[in-house]
Structures are given as C-alpha cells and as structure tokens.
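To start, the structure itself, in structure tokens.
Numbering (full-length UniProt numbering), first residue to last: 1 to 1175.
Take a look at the structure:
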C-alpha cells in the first residue's frame, strides 16, 4: 500500500498558484528617465513645396520658405538649419535684415514674424498678426528700420522692424490713384524705394497702375498707367532714373522716372514682332524681372518664363539678356523665384552680378554669370535626396569606422556629371559646429527607380558616398509595354545589411531580392538567379472541431537521410500533375540579363532571387528581410509565406506558406475568401498599402523546383538557373488536416523516373516534420500572470477565422529552440502579422569545403509563442541583460583572402575562427540535461503592435509582459543601445515615442512627439543605436531625432552658426559736384513715421505678439522645468506599475489561498471517517 503524504499534496496545491516566473538573478538596470530626452537634431534634403526665397549678400546665407510653414537656412556646405512656424501657414515672402542676423517671414495667415538668427536655434522675436486686411507684398529698404506692408485692399502700412509696432502713417489706395479713376487699382504686388532717393516709394498695383509716392509730402508725385496689362513685378536701374515692369502678356516695359505719360520702351523678348494688321504673338506671363547693372558692360536683364504659348513642349526657363546677347536656360521644374547674387548690398551701386540663384519646385540651381555659356554650379547640399522618390530608409549608427572610407572610395570612382562651373559655391556663410559625433553613422535610402544611396550622416551633416542602381541587372522593358502590376517595378521596399561583412540585401516591389557583396575590383560574372513560387491556397477546409483528431500520416516509404529535415522519414510520394502546375506557376515580373555582366567596383551582385506569378497573379510585396553572413543564409517573407535561401550554394532551402509553418498546431481556421480580387498596385509610394494589405487569396505553396542540395530536397546537379513545377495532391488520397508546401526539384539532363520519385518523396519531408513536431504543444501567453498555458490537443482548435497571415519579422540568431535544449544552436525566429512567433532550426555543415558541398538542413522546432498584434521586432539578451549581437563573418579583401587560401594553415585558422564565433554564446551542457537542471541563460524580447514580452530561454517562461497601448498601435519598434545599456524603443501611431528598460519593461520615456499624419512616416521611421532615429518627414526631406539626453546636451555645440560678425561693404562714393546738385537731402524716417509725427495705428488693424527669441535663458529654464516634470511623471508611472504588480500578486495569493482551503477541506472530508489503518 502506498503511503499517503499530506505534505506533498499541500506543496502541489500551493505551487499551482505561484506568481509569474522571474529571472533567477535580478539584473541591475542602469537606465533611468534622466537618460532620455526627445529632440529634433537636423533636417536633410530639399525643402518640400518651396514658396519663397531670400539671400543675404553680406552674410552669404540663403533662406527658403515652404508651404508647410518651415524655413530652411543654408550656408557653406554643412551649414544647414531648419525652423518652423507655430502654425502650418505657408511662407509667402522672406526678407533679410542684411548683415544684422535677422529675418522677416510673411505667412499666408496674414502674419509677419521677426526671426533672430544670432543663435544656433533661431527663434521668433516679434510677430504681427493682421486682422482686417490680407498681406500681399512687403519691402524693407537696405539699412532701414521701417518695413512697408502692402495689402490686398491696395493700402500700404508701415511697421517699425525693431519693435514690430505699426505706425500711424498709412498710404490709402484712394489717395494714391487719381480722383478721376473710379475703379479699384487692385492688390499691391510690388513695393520699392528709389535707389537714390529713399523718400520716393514706387507702388505697383495688380491692374497695371504704378504710383510714385512722396513720403515727405504724403502725395502721389507721378502715376504710370500700363494699358490693360496685369503687372507682376518692378525693378529699378541702380541710377534711379528708370525702372522696368514685367506683365502678364510676356512683355517688358521701361519707364523714365520723370516721364509718366508713356513708357520709354515696350518689347516682348520671346515674341515675334507683330506684322501689319495682325496681333502680337501671345506669350506666357513674365512673373519676375531683375535689372542688375555691370561696370564692364551692358546691364543684365533677367526674367522668368515669357515664352510663346504656341511653342508647345517648352520647359520653364530663365532668360539672361545682356546687350544683344539672349540666353535661354531651360529648367526641369517650374520656377518659384530667382535672385541675382552680387557682392554689394547697396542698391545705388553697380551690382556686378556673378551668379543667379534659381529656386525650382524640386531643385535649387545656381547659374554662373562669369563663365561663358552660363554653366551651373554643382550643388554641394544633399538636395538630390528625392531625385527619385524615397521609398524606404535604413539607419546605421555606430557602424564600423572603415565603412565610410570604403564607400567613399568606390563612390568617387563613379562617373561624375560634367559641364559644371569650376568656381566655388557662392553661398558660403555660417560656420560649422565646434564638436562632432564620436561614432560614424550611415543612412541608406531606397528609391522608386531601384537605386540606393549611401550617405555619411556623421555629426549633423549628410554627404553622398555611393550610389547603387539595382535595375542594371534586369532587361529594359519596351516603352510601349505597360506595367500591368507596378508603376515602379524596381522600387526598393526593404534593405538589410551586415555592416561587418558588408553583405547587402535589397528587396523590390516586383518580388525580387538581390544579394550584393562588396568588392574593390572590377569583375565580370553571370548573375545567379533563383525563381521561387511563394503562394498558398486554402480549399475544402472543414470547420474546426476540438475533439477531432487529424488522420495519421501515410507510412514512410523512404528515408531522407542528410538532405531531410533533421533526417526525418518522408511520407510516400503523391501523384503530381506537372501540366496543371505549369499553368499555375508563371514567370518573374522582371527578366535578368543573360550572359556575363560587367560589375564595377563597389557592390556586386551575388544572387538574385525572384518570386514568380501564380495563375496570373503577381507576388505579394515582401514585408521583411534578414541576412546572416556567418551562416550564409538569407530569408524573406510576405503575406503568403516564408523563403530561406542559401546564398553560398545559391539554393532555396525552404519555401512554405505561412499556415504550413504551424503544422497541426495551427490555431486558426483558414477561410477561403468569397470573392478573390486581383491585387492592385499601391496608390502611391508614400502609402504602405500593399505592405499592410491582407491578401485575399492563398494557394497551396509550391516551392521552387531546384537543382540543388538543401534541407528540403536533394539534387546531384549544381546549376544556378532554376525552373519551376508544381506537384498537386491526389484528391482521392486521404488528406491530413494540415496544409503542406510541396517542394520539387527537376533534374536537368536526367529525366528518369527514379529522380522524380525521389524528389516527390523529398518534397514531403517538411510536412512530415511539421506533423510530428508541431503537434507537441502550443505555448500561449496567459493574459493575467504572464505565465504560459499549454494546449496539448493535437487538433487544430481555432482561435479565430482568418483568411491571410504573413511573415512580418525575421531574426537569425544563436539561441535555444526548445525547452529541453542544453546549448544554443543556429536558428531563425519568425514573427507573423497575427502575432505568432515560430522558431526554425538551422543545421549548418562545418565551415570550409564542407559548407560548399554539404546541405544546410532546415527543420521546425515546435516552439510557438503568441502576442497581440503583428510582430514588429525580436532581439536577444544574455543573462546580464545586454544585447547578443548576431554572428557575422568579417569582410576580407579578395586579394588578401586569396593569399590566405594559398597558405596551408590558412583554412584551418579560418575554420577555427568560425567555430569560435559560432560557439560564442553557447553554454556548456550539463552532464544529464533535464528540464529541472537547465537554467535560463537568455532572454528574447518580442514586441508587437500592442504588447511587449521578455521570455526566458530555454524554459520559455514569460519573465515580463507589458501592454504598450490600448487605443493606438506601435508602428516601429527596436532594441537599441544607449548610455552603455539597452532599451526597447517604440514609435506609436498617435505620435508618442516610448522607451522601456530591459528586461523589466519599466517605462522610461513617453513623449508626445509627432502625430502620424502621413503613412510615409511609419514606413520610413527607423531606430538606431546610441538613441538615434530618423523618418521621412516630407517626400524630399529626412528628419533626424535623438532620444539620448547626453546628445541633446552636446547638440548646441554640434549645430552650426548662422551669423558671423562681418563689416558691411562701403557704399558708392560720389563726386562733390554730383552730390551737391543731384543728391536729395537726407530725411530722418523717425520724423515721418514715428509716433510723434504720425500717431499710433488703430489696434484693430493688427495685433502685436511678443516672441521668445530674445529670452533663451527663460526658455532653457522652462525646458529644464518640463524635464523635471516629465521625470516626476515617469516616477509616478513607475510607482503605479509597481502598485499594479503588487495588486496582481496579492490577487494571485488570494486565489491560491482559496484553492488551498478548498483542497484541504476536500482532503479532510475524504479522510475524516477513515481509520488510521485504512489510509
């Protein structure tokens, strides 16, 4: 008789109510809220939708205003500053206070702002908001403190630029026109004072009326009437005796200052002279004209557009006229504004222009006027960022320092554009920051035309290093052939790079993935290709039943051996219908060029894997991409399944639909869509569209028919060009309740029946392993205590009905794949769009010759983890809480590598080094490994759209769990290093940036940084090490931000200086007699516009708003106070978290005690009436 042990019963009852598993040893976390502060650092690229431009000829600073209300300030290369108005009103006009370190901006909300540029972060000193009238044009004379403001009603107001207070002096439109005129002259479109007499103000109205206003007498001295022509701009001759007007009919008119009756000259520069009895040729409007003079020749006449309407196909242009010379410079984009650049700021002196700055809608062009032919200067700013629309970004901070020189070396050899001016860039103001970043940074941008650009982003600059065109390996499509599936077939969607080995993987919209290797020398190679059919089909699915047991697998007929998934037996072969498979499986959307191709130094193609169309449907867009240089493997996934490719043997190891990865442990019922629709291309490059869309159709996944040796199929041949076939299941044969991806290989040159039978049997090897291993257990996170409950049912119990599940995240690592693993092993962690995480075991042959010949074996582990929402990031920590870096193979120069290979001991050294790297994170196994003796030695951090979990390995217990958000969702997440530690960084759709400590997931930062107004931000947002991040804020600009408080502290020293003390050039000297007889008397404007002479302006006209630019100290104090408040808030959040944790533990103890009391009562009731000898 077995003795009853009451103590064991009690121990079993109390253990069932234990709190969530925690690490055996507490990890000391060094990060706190004081280490974090979110701040924008610098913005790169071309200002999006520019609307205004100004230039300071003394400080040599260029300002560009945009439709969004932002202003970019440029100086010498590397001097770049971005400021933003409080609202989103478009910038209509920019005016520099020349050599005074200030800038006036005029916005579309009828407000004016005075910016202080004498600080590294420019700020607004004063603002003036008009209430009744709309501002149309402003003018600030050189070295004047009075700003003229023209309005839509035709009035002119005057404001003091120092105090931004309106003067009582007002020029009303009804006093400016003649008494006999009964019509309104229209809005003010131009204001300018006479270069030689500042008391004369020239006012231009839209209808063509021009008034010369005498500020002293407050009367209209002269009126010039342009006959029925709309006026666009005015320009003075430097002598002040003539001015020129541009009109809407493409004509220019020259007026003598003293002859208002008729113009001295009217001409159409691009129109043919009108013949008798015919009308003049109709031309486009001339929006702006400039009349700079030269000491050595005729004056320049520069204007925009004015070409005849009949000459179709003409691009926008800038015309430069000097004497009889007429030069038309065509532009690629419409002209927004242009400015002649001269060395003097004095309007009454010879300008002697040496350049013209032309602002286009998508480019900035500077024309050299001192070189014959007027060539352009080469733009040193990174304004060609959007040369082709940016589709994705990748940020690598703290990368190996030798990468930047390597990219610069091959980039400098690329063919440079010719025809540029050899003069220095004229915009040369400002000064670089006094300190730089201590670590190198690289940004890679992918573009719609298939190109990649590598940028040096160290410190706060951005310099192009190298450009790679991925479309070179494909054949050009005929011009008359329409792209049925994609508007941009070469557009880049995903980028993955191993910085140590310099292996680059690029995925495009046409379902192609290209693997590149860095090489310093030129080579000529045939491009190896793989064609893969990655689809899945759901048919004849029964409703799930928890009591239903799947039918047994057919008995194995042969053994896979070394080529199978872990040497598991394969089921008997199924009948194939290759004719149907040929009809289903098509060809890739792009065709790779055949024959040897010349590869220039830099990144050279090593392999091109392409997804093929199936039943005429294009492949789904690739969602994730991963590569490991040490393993020699690459993996990618989309909404249809997963593919693993051996980039060394150029073979496909695995090709499965997503449901096949579960096997019999699939928690979902796969539903067939009622009305499958053809996949449509995304509406735009900025939209996530296809990347986030759920595919409506699935096909049974036929893997690539490959002539190779790999973990799923075997082939004696080693050719790289693969063909496709499809093996279909015999409908009459009993079918297990598990969908499989059938993998076949066609033996080229050997069409015997033996090879076909072997391939058919091998094609089921993954399915066999899936059915055996995935039937073990499904690990499901408990929603309350973070522990895992296990469902041991072998049936496909459905959690919910779904029609599609894609692969959203991939990570190669060396980790524990099962709970019983004593040591780590190479594996691939797979995250899906429905929140599942699966682990695939990789059995690699030894490095060296065996790696080139023996197959890589791929097998499932049976581990399935689940979170809420799509999986976004996975990272691994060691027992000390530090990130386990992925293993890599160091890049070697091919010449040195060849020398090492010639040496006999070279291979052995290489093999030993690989083995040391391979076992870097492996722990020694105990003598008798059991689940009780194995202790957790790793953590895996998994973040989804809703949750984050830290899971101990190999026990697979949930150590920490956090619900990140309930009302929003996480767009981007990553585990990044900061302050010699690591944290989990998340960017949410509601604009919040959050960070959490690891492994405890304690909140460290919650900043309401930026609302997700555009899906472009979510698509391009990228975290990197050292607390750095970036995103594409506009289609042509990249915004960089930092999360590190120490970087924010040193940012002030890293930013550039915009204002430098410079002496103003002396004005022109006049002879004694000329000054005596022709120079007007100097009038103090304070006597004209001051409060004593003109009174105060009505308060209802405009409202003065003081700014914060002059109180930087107060602003800094306020910022520090906000930081303290944020720290207190985070401390409160942490306290609340601990209280919640305590409450959960108390509740668990309460439940446990109740269970204990109930069990004890049951035991007592069972044994109370029995004698002691009956026990």
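Backbone N, C-alpha and C fix where the C-beta goes; we use that ideal spot for every residue, glycine too. None of the values given here were measured: they were computed from a predicted structure.
Per-residue DSSP class, three states only, for residue i
i, result
"residue 403", "helix"
"residue 410", "helix"
"residue 316", "coil"
"residue 1050", "helix"
"residue 1140", "helix"
"residue 826", "strand"
"residue 1089", "helix"
"residue 1003", "strand"
"residue 885", "coil"
"residue 1135", "helix"
"residue 1019", "helix"
"residue 879", "coil"
"residue 311", "coil"
"residue 1155", "helix"
"residue 111", "strand"
"residue 862", "strand"
"residue 173", "helix"
"residue 979", "coil"
"residue 431", "strand"
"residue 87", "coil"
"residue 609", "strand"
For residue j and residue i, the rounded distance between their alpha carbons
i, j, result
"residue 449", "residue 471", "8 Å"
"residue 797", "residue 662", "Residue placement at residue 797 is poorly supported in this model, since its pLDDT is 38, which falls under 50; the coordinates still yield a value, given next. C-alpha separation (whole angstroms): 12 Å."
"residue 1179", "residue 133", "With the chain represented from 1 up to 1175, any question about residue 1179 goes unanswered, as that position is not in the structure."
"residue 588", "residue 870", "28 Å"
"residue 272", "residue 122", "50 Å"
"residue 1042", "residue 1053", "15 Å"
"residue 323", "residue 343", "22 Å"
"residue 988", "residue 938", "28 Å"
"residue 1170", "residue 1154", "25 Å"
"residue 247", "residue 347", "23 Å"
"residue 1157", "residue 1146", "16 Å"
"residue 968", "residue 990", "6 Å"
"residue 854", "residue 844", "9 Å"
"residue 140", "residue 318", "26 Å"
"residue 259", "residue 1040", "57 Å"
"residue 611", "residue 506", "14 Å"
One or two residues paired with residue i in a DSSP bridge
i, result
"residue 526", "596"
"residue 974", "985"
"residue 1083", "Paired residue(s): none; residue 1083 is not in a bridge."
"residue 389", "According to DSSP, residue 389 bridges with nothing at all."
"residue 253", "245 and 266"
"residue 1097", "Answer is none; residue 1097 lacks a bridge partner."
"residue 93", "106"
"residue 637", "624 and 642"
"residue 588", "612"
Supposed close pair residue i, residue j - CB separation, criterion 8 Å
i, j, result
"residue 837", "residue 829", "6 Å"
"residue 359", "residue 64", "6 Å"
"residue 192", "residue 202", "5 Å"
"residue 309", "residue 282", "5 Å"
"residue 35", "residue 1044", "7 Å"
"residue 880", "residue 27", "7 Å"
"residue 941", "residue 1000", "At roughly 11 Å, the Cβ-Cβ gap does not stay under 8 Å, so residue 941 and residue 1000 are not in contact."
From the options, residue whose alpha carbon lies closest to that of residue i
i, options, result
"residue 1010", "1032, 658 and 1026", "1032"
"residue 270", "303, 264, 646 and 998", "303"
"residue 131", "432, 151, 506 and 124", "151"
"residue 163", "349, 407, 460 and 126", "126"
Cβ-heavy atom distance, residue i to the ligand SAM, below 6 Å
i, result
"residue 1031", "With respect to the ligand SAM, the structure offers nothing, as it holds no ligand at all."
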